[in-house]
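Working notes, structure below.
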Amino acid sequence: MPDTGLFHVVAFDAEHREDHSISRVNALTLRCHKCGKLTAWNADTLQRLEGGTILACRHCQNRQAISNARLNERASGLHGNERSASSTSSDTRRLRHRPTP
Ligand SMILES: [Zn+2]
């Protein structure tokens, strides 16, 4: 999962627009690199910015603002690898099932 430098994003849940950009982050679980403790934020406690989200540790003063685009970019980077792997296998399947003229 994404690492911002100050936090390791263990999990996040977000609503996406049709273009797959994040419209709203609903939940976030972070591991703080300063104190090493986990903090979970839900839709009620999460601090949002216009187009971004505040990553904050409940156990120390560690805090970071991150844009939703950056959060999504890092997450889709992981999905991108999976997607390219599956598209390769579907290409292979398509070739195999191509009818002979
Ligand atoms: Zn901390």
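Here the sequence shown stands for residues 132 to 232, where the numbers follow the working numbering. Glycine included, C-beta positions come from ideal geometry on N, C-alpha and C.
DSSP beta-bridge partners of residue i
i, result
"ASP175", "According to DSSP, which records beta bridges pairwise, ASP175 is partnered with nothing at all."
"CYS163", "PHE138"
"HIS190", "Paired residue(s): none; HIS190 is not in a bridge."
"ARG155", "GLU146"
"GLY183", "LEU180, SER198"
Check: residue i C-beta below 7 Å from any heavy atom of ligand 3
i, result
"GLU181", "For ligand 3, the structure offers nothing, since it holds only ligand 1."
For ligand 1, which residues count as neighbours when the test is a C-beta closer than 5 Å to any heavy atom? This selection yields CYS163, LYS165, CYS166, CYS188, HIS190, CYS191, ASN193.
So, do the region 162-181 and the region 145-152 have three or more beta carbon pairs nearer to each other than 8 Å? Under the 8 Å Cβ criterion, the region 162-181 does not count as touching the region 145-152, having fewer than three qualifying pairs.
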